[in-house]
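J.: Residue numbers (the numbering used here): 73 to 186.
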Amino acid sequence: MCEGEVEITKSLIMTLAQDLPREKRMIRLRAQDGVSFGEMALLENDTRTATVTAMTDCRLLELTRDDFLGFVREHTVTGVKILLRLAQLLSGHLRKTNQDVVKLTTALAIALGG
C-alpha cells in the first residue's frame with residue numbers, strides 16, 4: 073500500500089443473535105507503516121479469508137499470483153528469500169491466531185463455569 077488507510081474485517085459465520093455484528097474489525101492498516109495485505113493469495117488460489125475496505129483514498133500496488141510465481145521461478149535465490157520472509161509473516165499470523173484461540177476458549181470455559 074503506497075497511500076491511504078484500509079480496514080481488515082472478517083465475517084462472523086456463527087452469529088448467535090440477530091443484533092450481533094456480522095463482521096469483526098480485525099485491524100486498521102496505514103500506508104506510512106509499510107504494510108501489505110493479501111499475502112495468502114500469492115501462495116494459494118482459495119477463497120479469501122477477510123475483507124479489505126478503503127477508509128481513505130488509497131494508492132495500491134498489485135502483484136498477481138502468476139507474476140509472483142513467475143518471478144520466484146526465474147530468480148530462485150531472491151525468490152527463496154522472499155518465500156522465507158512470506159513464511160515468517162504467515163507463521164507470525166498463525167501464532168497470533170493460536171494465542172487468540174487459547175484466550176477465547178479460556179474465556180468460554182470461565183463463562184460456562186468450567
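Heads up, the beta-carbon is just placed ideally off N, CA and C, and yes, glycines get one too. The structure displayed is predicted, hence computed values, not measured ones.
So Thr121 packs on Met112, CB below 8 Å; how close in whole Å?
T.: What you label residue 121 is simply residue 49 of the sequence shown in a count that begins at 1. What you label residue 112 is simply residue 40 of the sequence shown in a count that begins at 1. With a Cβ gap of about 7 Å, Thr121 and Met112 count as contacting.
J.: I'd like to know whether the C-beta atoms of Phe109 and Leu115 end up nearer to each other than 8 Å.
T.: Position 37 of the sequence shown, counted from the start, is the residue given in the question as residue 109. Position 43 of the sequence shown, counted from the start, is the residue given in the question as residue 115. It is not a contact, given that the beta carbons lie outside the stated cut-off.
J.: Pull up the distance between the alpha-carbon of Gln104 and that of Leu184, whole angstroms please.
T.: Walking along the sequence shown from the start, residue 104 turns up at place 32. Walking along the sequence shown from the start, residue 184 turns up at place 112. Rounded to the nearest angstrom, the two C-alpha atoms are 43 Å apart.
J.: Return the CA-CA distance between Leu166 and Gln160, expressed in angstroms with no decimal places.
T.: The count along the sequence shown starts at 1 and reaches residue 166 at position 94. The count along the sequence shown starts at 1 and reaches residue 160 at position 88. The alpha-carbon atoms of Leu166 and Gln160 are separated by roughly 10 Å.
J.: For the alpha helix (DSSP H) that contains Thr169, what are its first and last residues?
T.: Position 97 of the sequence shown, counting from 1, holds the residue named residue 169. Here the alpha helix (DSSP H) through Thr169 covers 148 to 183.
J.: Could you give the uninterrupted runs of the beta strand (DSSP E) lying entirely in the segment 107 to 150, keeping only those of 3 residues or more?
T.: DSSP runs (the beta strand (DSSP E)) wholly in the segment 107 to 150: 123 to 126.
J.: Mind checking Leu78: buried by the 16 CB within 10 Å criterion, or exposed?
T.: Numbered from its first residue, the sequence shown carries residue 78 at position 6. According to the sequence provided, residue 78 is Val. The question's Leu does not apply to it. By the 10 Å Cβ count, Val78 comes out buried.
J.: Given a threshold of 16 other Cβ atoms within 10 Å of its Cβ, counted over all protein chains shown, does Met73 qualify as buried or as exposed?
T.: Residue numbering aside, residue 73 sits at position 1 when the sequence shown is read from its first letter. By the neighbour-count rule (16 or more Cβ atoms within 10 Å), Met73 is buried.
J.: Could you tell me the alpha carbon to alpha carbon distance between Cys130 and Leu162, rounded to whole angstroms?
T.: Position 58 of the sequence shown, counted from the start, is the residue given in the question as residue 130. Position 90 of the sequence shown, counted from the start, is the residue given in the question as residue 162. Going by the C-alpha atoms only, they are around 24 Å apart.
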